[in-house]
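Visitor: I have a structure I would like to understand better, so I am pasting it below and will then ask my questions one at a time.
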Amino acid sequence: MQIPQISMHQTYAQLGLRITKPVQEIQQPQAELNLRQEPAIVEIHQPQGKLTIDSNEARENIDLRSSARRSRDNEEYGYQKAMEAIAQISEEGDRLAAIENKGANPIADIAFEESTIYHNTDIIAEGSIVGDGIQINYEAHKPEINVQVRGKKMDPVIHHPIHNYTPGKVEGYMKQWNSLSIDFVGLNVDRSL
């Protein structure tokens, strides 16, 4: 005996998605520094030195002396000769005081010395223009150096980033529709039972 049956077939719905991904583009242009070094300013000033030349002594060495210097030289010369004469007279007096010593004849010795004292005497000038006659003095001054540092200058130009953005999309569609099918099996019934 067949019993009637209901056969059901069900199909689920399937939802499909079409996804377009977003696109993001970012560019960062480099900044421009515009950096430059300003040259320093250097100022150098050299004060003039002082040069002094004294030729008085050289002039005096070649006998171009002033009257004051000539008087001073004559005074010194006279004093020196007076001291030499006093020394000579004192020495001769000491020799004459010892006349009682036998074997020495101081009078004859002194007479001989006095007769030859001016032989072979040269008069030499007291110097020359060469050598220490000219005095040169130079007074140098330090240079004045002024440095002005001007440093660096920078004029930066900043570029903003470039940003392009395309948003994504999501679209839904039915990939498979739902369905339900119902079938009847065994609709014939045996009546002879």
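Numbering (our numbering), first residue to last: 81 to 273.
Beta carbons: idealized from backbone N, C-alpha and C, even for Gly.
(1) Less than 9 angstroms between the beta carbons of Gln112 and Ile242, yes or no?
(2) Give me, in chain order, the residues of the same chain whose beta-carbon lies closer than 7 angstroms to that of Gln228; leave out the 5 immediate sequence neighbours on both sides.
(3) My output table needs one value for Ile203: the three-state DSSP class, helix, strand or coil.
(4) What does DSSP give as the partner residues of Ser170 in its beta bridges?
(5) Put Gly158 into one of helix, strand or coil per three-state DSSP.
(6) Looking at C-alpha atoms only, which residue of Ile179, Gly129, Arg139 and Arg230 is the closest neighbour of Glu219?
(7) Which of the three DSSP states is assigned to Asn258 in this structure?
(8) In the DSSP assignment, what are the bridge partners of Arg175?
(9) Measure the CB-CB distance between Ile216 and Leu131 and report whether it falls below 9 angstroms.
(10) Buried or exposed for Ala188, going by 16 or more other Cβ atoms inside 10 Å?
(11) Identify every residue that forms a DSSP beta bridge with Tyr245.
(12) Indicate the three-state DSSP secondary structure (helix, strand or coil) for Asp263 in the structure shown.
(13) Whose CA, out of Glu137, Ala177, Ile238 and Ala165, lies closest to the CA of Asp153?
(14) Taking the alpha carbon of Pro109 as the point to measure from, which residue in Asp263, Gln256 and Val237 has its own alpha carbon closest?
(15) Within the same chain, show all residues whose beta-carbon is closer than 7 angstroms to that of Ala165, passing over the 5 residues directly before and after it, in chain order.
(16) Name the DSSP bridge partner or partners of Lys233?
(17) Look up Glu180 in the DSSP assignment and say whether it is helix, strand or coil.
(18) Would you check if there are 3 or more beta carbon pairs closer than 8 angstroms linking the segment 165–181 to the segment 89–100?
Guide: Considering the structure as presented:
(1) In the sequence shown, residue 112 corresponds to position 32, counting from 1. In the sequence shown, residue 242 corresponds to position 162, counting from 1. Here residue 112 turns out to be Glu, not Gln, going by the sequence shown. Not a contact, by the Cβ cut-off of 9 angstroms.
(2) Within the sequence shown, the letter at position 148 stands for residue 228. Once the five neighbours on either side are set aside, the close Cβ partners of Gln228 are Ala120 and Ile121.
(3) By one-based count along the sequence shown, residue 203 stands at place 123. Bear in mind that the predicted position of Ile203 carries a pLDDT of just 48, short of 50, making it unreliable; the figure below should be weighed with that in mind. Secondary structure at Ile203: coil, using DSSP grouped into helix, strand and coil.
(4) The residue labelled residue 170 in the question sits at position 90 within the sequence shown. Ser170 is not bridged by DSSP to any residue.
(5) For the purposes of this step, residue 158 is taken as residue 78 along the sequence shown, with counting starting at 1. It is helical.
(6) Locating residue 219 in the sequence shown gives position 139, counting from the first residue. Between Glu219 and the set Ile179, Gly129, Arg139 and Arg230, the nearest pair of CA atoms involves Gly129.
(7) Here residue 258 refers to the residue found at position 178 of the sequence shown. The answer is coil: DSSP assigns Asn258 none of H, G, I, E or B.
(8) Here residue 175 refers to the residue found at position 95 of the sequence shown. None; Arg175 has no bridge partner.
(9) One-based indexing of the sequence shown puts residue 216 at position 136. One-based indexing of the sequence shown puts residue 131 at position 51. The beta carbons of Ile216 and Leu131 sit closer together than 9 angstroms.
(10) Taking the first residue of the sequence shown as position 1, residue 188 is located at position 108. For Ala188, the number of other beta carbons within 10 angstroms of its own is below 16, and it is reported as exposed.
(11) As a working note, residue 245 is residue 165 in the sequence shown. Per DSSP, Gln104.
(12) By one-based count along the sequence shown, residue 263 stands at place 183. Correct three-state label for Asp263: strand.
(13) The sequence position of residue 153 within the sequence shown is 73, counting from 1. In terms of CA proximity to Asp153, Glu137 leads the group Glu137, Ala177, Ile238 and Ala165.
(14) Residue mapping note: residue 109 aligns to position 29 of the sequence shown, counting from 1. Looking at the Cα atoms, Val237 is the closest of the given residues.
(15) Locating residue 165 in the sequence shown gives position 85, counting from the first residue. Same-chain partners within the cutoff: there are none.
(16) Within the sequence shown, residue 233 is the residue found at index 153, counting from 1. For Lys233, which the question treats as bridged, DSSP gives the partners Arg116.
(17) Along the sequence shown, one-based indexing puts residue 180 at 100. Of the three classes helix, strand and coil, the one that applies to Glu180 here is coil, per DSSP.
(18) Contact fails: fewer than three Cβ-Cβ distances are below 8 angstroms.
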